[in-house]
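Engineer: Before we start, here is the structure in question, set down as structure tokens.
Residue numbers (the working numbering), protein chains in the order written: chain A, 1 to 430; chain B, 431 to 604; chain C, 605 to 933.
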């Protein structure tokens, strides 16, 4: 009578859970504290973007695509413009390519610092969270000075960039890099490479072996942490990156050992921070004086795109991995026939779900936080819909009315009418 | 391996239409577009796996092209020093018989994309290991495929929004 | 008369300790925030939290049973009883022949009541949190009891009337013996007790049962409103009592002898001085620990206790025992 009785418990993590930044549902089947099976259900952040995209023109899509995600907004913008430029055969001036590289690397710095804090919070180490997000404020100030906004800085346009980087921005950026090199990076390295709590929690947690990473086509730091040397900027010879000396970074250069666990992914991110800073400095040295846009106005671009035909694919390395956009032209109209995007969290989620089998429950939030889930990017297809019958759907007018009434309780002198604000090339209506 | 060698090898074995496109950047990037019928499709994918076991599968783009549905698959094949090869494979199927063989055993990472296209376009992938819904909620009506442009798409009654930005009237009605 | 004095004293101590422990909570949050380069909440924040929680609605899950509502009240009752047996600058109010055993029993009872409350709430997160709490409870009792009894035995050899009462800690202290073996043994046991205190309060390395990001607050996942307020209050009282034990064992000196007062004023002065010492010990064991480290996995924490801390405790106890039996010198 030596049979072990196993009690399998099904635990949902999500949709709302303190460990997840965005809603998703993982249904985990447990035996004690050991995981047997992980199932993913997505769709909680569905906004209907592809359906909207079928009814917009190329320039409006620039703004729509940017708002897919807050942290990787520039990456989506960039990838979409590359797809459209490939489809229509548009050439981009060299200075614009350098500016795109600089802003892309600034965004990468801020996204990696955010992720370092999130992983620190997931292991209960709140001090890391507060200090790394404090360090991130410097990058956000610079991005605000250049782009006008802390997230969603609409820098790209079809055929170039919208705003130039002037001398004062260059001085601020070089100052920031010096500050990071001397004060922030030594502390970050001390925490993520040498601290005993971090090493005890992150080593051998959420291991993704190289075979599973290849089969499930993991992307970005998740794949590089498992030893696969691939990086879209290097493999695709994107834009002006080959002259800036980019190489994929694996943990072998820092610790010499590749195990594919959470610790290795954090090491890859720290390495990428160093590399981003070097790239920005080199880009400033090599940047030529040139114009920054091919078409002086957006209407000219639209007129040229109406005659384009064919399809284009754009790929770029977002902070989380490979982003890919596809655009197919509809000759004669000013909007595409089909636009589709895929961002890197989608395959990474499935890779980590497959790799979590056999681990402990305590490692689930750490493993999920380490792939840097950006689920607003993942749930971007389908439909504006109303669940017929049961719930009441609030239109934008209702929401505006409700919020104006609340303001009226505070200040009765407000005279506002619930009218949606519209514009020609304005934002997106949901 | 350069793109020309790959094209030659594929043309020897399969009956396909191949054309390449190039971008106009500082380092021009060539992409290979292959159109294949759905019968030869799975053989072609298995051949790609033989050429490069590290091939990375990126995306399945399903489209509604009027009278038939097409699916574009993008792959990336890695070579030693040269830039990787970017290959896009296009198959299509008629709307009356929307079946395409599934790649669940060749590329396990393609299963989520197949589930997504199954629920949004109505393409049925034969032999898929996991045919459940991925994104849409469970009480979404069957038979309505949101991304189709014909009668099976979204009907105007299901849309509730505040109005098109160009045509907005004073009260913000539809 | 005696019963009346004791009851009044108990109520007075309960009110004083709840006030002081909530003040310490606010101070702790402020200090940790300063260590993390933030500003932190106002000092009286725990009072506002408590009052607000009491005024909110308590939601009772559908799958819970009667013990769900009874557990917070039982936990608070056990904490108040615990206060009657803690050394607070002078001997405990209800000092009897064996009150050390009652003290240890009540500490374990409070943790046990939390586990019962968690299990009867019907949430899977609470079940996992309860499992972790039980494992941590079983691991931290052994080194603590070994150390405590070794010190009491050593002190009892100096001639006290009730060896198993916490009053002995105030009649003699462990440092006045002076032999090298005792000093070294006591230092080792001090380190063991600092870890035990961190594990009793559940901070830093040992913030495992109530891991907020992993199991959504563990045993407290389904509690809200009044019940949560009572649990939090009993937690604060337990913190104060555990820290009082450590202070009484290792730093029991009082001020009233030096100032030459006696009677009620002496008790008050001793009480305030004891509170200050408790704050300092809690600062080392709770605030610093929380700001410097993260959380361990439950297997690693249990390993830490059974392999390192238990062996340190055994070494400290053996050193004291050798001193008692007078084998060497």
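Note that CB positions come from ideal geometry on N, CA and C, so glycine has one too.
What you are looking at is a predicted structure, and each value in this text was computed from that prediction instead of being measured.
For the beta strand (DSSP E) that contains residue 552 of chain B, what are its first and last residues?
Structural biologist: In the second chain, residue 552 of chain B corresponds to position 122, counting from 1. Note, residue 552 of chain B: premise wrong, no beta strand (DSSP E); not H, not E.
Engineer: Please list, in chain order, the chain A residues whose beta carbon lies closer than 9 Å to that of residue 564 of chain B.
Structural biologist: Residue mapping note: residue 564 of chain B aligns to position 134 of the second chain, counting from 1. Those are 40, 41, 42 and 43, listed as they occur along chain A.
Engineer: Would you identify the three-state DSSP class for residue 857 of chain C, choosing helix, strand or coil?
Structural biologist: Position 253 of the third chain, counted from the start, is the residue given in the question as residue 857 of chain C. Looking at residue 857 of chain C - three-state DSSP - the assignment turns out to be coil, as it is neither helix nor strand.
Engineer: Between which residues of its own chain and residue 669 of chain C is the CB-CB distance below 6 Å, once the five residues before and five after are set aside?
Structural biologist: Residue mapping note: residue 669 of chain C aligns to position 65 of the third chain, counting from 1. Only 724 meet the Cβ criterion.
Engineer: Report the partner residues of residue 463 of chain B according to the DSSP bridge assignment.
Structural biologist: Here residue 463 of chain B refers to the residue found at position 33 when the second chain is read from its first residue. B/449 and B/518, per the DSSP bridge assignment.
Engineer: Anyone know if the C-beta pair for residue 234 of chain A and residue 249 of chain A falls short of 8 Å?
Structural biologist: Numbered from 1 along the first chain, position 234 holds the residue referred to as residue 234 of chain A. Numbered from 1 along the first chain, position 249 holds the residue referred to as residue 249 of chain A. No, they are not a contact pair.
Engineer: Here's the rule: buried if 16 or more other CB atoms are within 10 angstroms of the residue's CB, otherwise exposed. What is residue 307 of chain A?
Structural biologist: Taking the first chain and counting its residues from 1, one reaches residue 307 of chain A at position 307. Residue 307 of chain A comes out exposed.
Engineer: Is residue 156 of chain A helix, strand or coil when you go by DSSP?
Structural biologist: Position 156 of the first chain holds residue 156 of chain A. Looking at residue 156 of chain A - three-state DSSP - the assignment turns out to be strand.
Engineer: Please report how far the alpha carbon of residue 475 of chain B lies from the alpha carbon of residue 540 of chain B, in whole angstroms.
Structural biologist: Locating residue 475 of chain B in the second chain gives position 45, where the first residue counts as 1. Locating residue 540 of chain B in the second chain gives position 110, where the first residue counts as 1. Straight-line Cα distance between these residues: approximately 12 Å.
Engineer: Measuring straight from C-alpha to C-alpha, what distance separates residue 393 of chain B and residue 523 of chain B?
Structural biologist: Nothing about residue 393 of chain B can be read from this structure; chain B reaches only from 431 to 604.
Engineer: Can you tell me the Cα-Cα spacing of residue 943 of chain C and residue 179 of chain A, whole angstroms?
Structural biologist: It is not possible to answer for residue 943 of chain C, since the shown part of chain C is limited to 605 through 933.
Engineer: Starting from the N-terminal side, write out each stretch of the alpha helix (DSSP H) that is 4 residues or longer and does not extend beyond the region 795-839 of chain C.
Structural biologist: Whole alpha helix (DSSP H) segments, 4+ residues: 816-819.
Engineer: Compare the beta carbon distance of residue 924 of chain C and residue 755 of chain C with 8 Å and say whether it is the shorter of the two.
Structural biologist: Stepping through the third chain from its first residue, residue 924 of chain C is reached at position 320. Stepping through the third chain from its first residue, residue 755 of chain C is reached at position 151. Taking 8 Å as the Cβ cut-off, residue 924 of chain C and residue 755 of chain C qualify as a contacting pair.
Engineer: Would you say the region 737-753 of chain C touches the region 901-919 of chain C, given that touching needs at least three Cβ pairs under 8 Å?
Structural biologist: Touching, yes.
Engineer: Mind checking whether residue 208 of chain A and residue 352 of chain A have CB atoms under 8 Å apart?
Structural biologist: Position 208 of the first chain, counting from 1, holds the residue named residue 208 of chain A. Position 352 of the first chain, counting from 1, holds the residue named residue 352 of chain A. Contact: yes.
Engineer: Taking 8 Å as the CB-CB limit, is residue 677 of chain C close to chain A?
Structural biologist: As a working note, residue 677 of chain C is residue 73 in the third chain. It does not: the Cβ of residue 677 of chain C has no partner Cβ on chain A nearer than 8 Å.
Engineer: Is residue 324 of chain A near the ligand NAD, going by C-beta to nearest heavy atom under 7 Å?
Structural biologist: Summarising the ligand content, the structure contains no ligands, and the ligand NAD is consequently not present.
Engineer: Which partner residues does residue 318 of chain A have in the DSSP bridge list?
Structural biologist: Taking the first residue of the first chain as 1, we reach residue 318 of chain A at position 318. Its beta-bridge partners are A/321.
Engineer: Ignore the nearest five residues each way along the sequence and tell me which others in residue 537 of chain B's own chain have a CB closer than 6 Å to its CB.
Structural biologist: On the second chain, residue 537 of chain B is found 107 positions in, with the first residue counted as 1. Excluding residues within five positions, the ones whose Cβ falls inside 6 Å are 487.
Engineer: From residue 311 of chain A to residue 87 of chain A, what does the alpha carbon distance come to, in whole angstroms?
Structural biologist: As a first step, residue 311 of chain A must be located in the first chain, where it is residue number 311. As a first step, residue 87 of chain A must be located in the first chain, where it is residue number 87. Going by the C-alpha atoms only, they are around 5 Å apart.
Engineer: In terms of DSSP beta bridges, what is residue 161 of chain A paired with?
Structural biologist: Within the first chain, residue 161 of chain A is the residue found at index 161, counting from 1. A/156, per the DSSP bridge assignment.
Engineer: Report the residue from C/784, C/870, C/688 and C/727 whose alpha carbon sits nearest the alpha carbon of residue 823 of chain C.
Structural biologist: Working through the third chain from its first residue, we reach residue 823 of chain C at position 219. Residue 823 of chain C has its Cα closest to that of C/727, out of C/784, C/870, C/688 and C/727.
Engineer: Quick one: which residues of the region 469-498 of chain B get their C-beta closer than 7 Å to a C-beta of chain A? List them in chain order.
Structural biologist: From the region 469-498 of chain B, only 484, 486, 487, 488, 489, 491 and 493 have a Cβ closer than 7 Å to chain A.
Engineer: Using 8 Å as the threshold, is the region 626-644 of chain C in touch with the region 685-696 of chain C, meaning 3 or more CB pairs across them?
Structural biologist: Too few Cβ pairs lie closer than 8 Å, so no.
Engineer: Can you tell me which of the three DSSP states residue 136 of chain A falls into?
Structural biologist: What you label residue 136 of chain A is simply residue 136 of the first chain in a count that begins at 1. Residue 136 of chain A: helix per DSSP, three-state reduction.
Engineer: I'd like the list of long-range same chain contacts for residue 441 of chain B, defined as Cβ closer than 8 Å, with 5 residues on each side in sequence excluded.
Structural biologist: Position 11 of the second chain holds residue 441 of chain B. So the list reads 448, once near-sequence residues are dropped.
Engineer: Measuring only between beta-carbons, confirm whether residue 124 of chain A sits less than 8 Å from chain C.
Structural biologist: As a working mapping, residue 124 of chain A is identified with position 124 in the first chain. Chain C, which has a Cβ nearer than 8 Å to the Cβ of residue 124 of chain A, makes this yes.
Engineer: Return the residues of the region 186-200 of chain A that lie within a Cβ-Cβ distance of less than 8 Å from chain C, sorted by chain order.
Structural biologist: From the region 186-200 of chain A, only 197, 198 and 200 have a Cβ closer than 8 Å to chain C.
Engineer: Can you have a look at residue 136 of chain A and say buried or exposed, based on whether 16 or more other CB atoms are within 10 angstroms of its CB?
Structural biologist: Counting from one through the first chain, the residue named residue 136 of chain A turns up at place 136. So residue 136 of chain A ends up on the buried side.
Engineer: If the cut is a Cβ gap below 9 Å, which residues of chain A does residue 728 of chain C touch?
Structural biologist: Residue mapping note: residue 728 of chain C aligns to position 124 of the third chain, counting from 1. Per Cβ cutoff of 9 Å: 9, 10, 11, 12 and 30.
Engineer: In the DSSP assignment, find the beta strand (DSSP E) that holds residue 434 of chain A and state where it starts and stops.
Structural biologist: There is no way to answer for residue 434 of chain A, as the model of chain A reaches only from 1 to 430.
Engineer: Could you give the distance in angstroms between the alpha-carbon of residue 165 of chain A and the alpha-carbon of residue 146 of chain A?
Structural biologist: Here residue 165 of chain A refers to the residue found at position 165 of the first chain. Here residue 146 of chain A refers to the residue found at position 146 of the first chain. Their Cα atoms are separated by approximately 7 Å.
Engineer: Quick check on DSSP: helix, strand or coil for residue 457 of chain B?
Structural biologist: Against the second chain, residue 457 of chain B aligns to sequence position 27. DSSP places residue 457 of chain B in coil when its eight states are reduced to three.
Engineer: Compare the C-alpha of residue 840 of chain C against each of C/758, C/800 and C/886 and name the closest.
Structural biologist: The count along the third chain starts at 1 and reaches residue 840 of chain C at position 236. Measuring from the Cα of residue 840 of chain C, the nearest candidate turns out to be C/886.
Engineer: Do residue 650 of chain C and residue 831 of chain C have their C-beta atoms within less than 8 Å of each other?
Structural biologist: Taking the third chain and counting its residues from 1, the one referred to as residue 650 of chain C is at position 46. Taking the third chain and counting its residues from 1, the one referred to as residue 831 of chain C is at position 227. Taking 8 Å as the Cβ cut-off, residue 650 of chain C and residue 831 of chain C do not qualify as a contacting pair.
Engineer: In the DSSP assignment, the beta strand (DSSP E) including residue 502 of chain B goes from what residue to what residue?
Structural biologist: Position 72 of the second chain, counted from the start, is the residue given in the question as residue 502 of chain B. Here the beta strand (DSSP E) through residue 502 of chain B covers 498-507.
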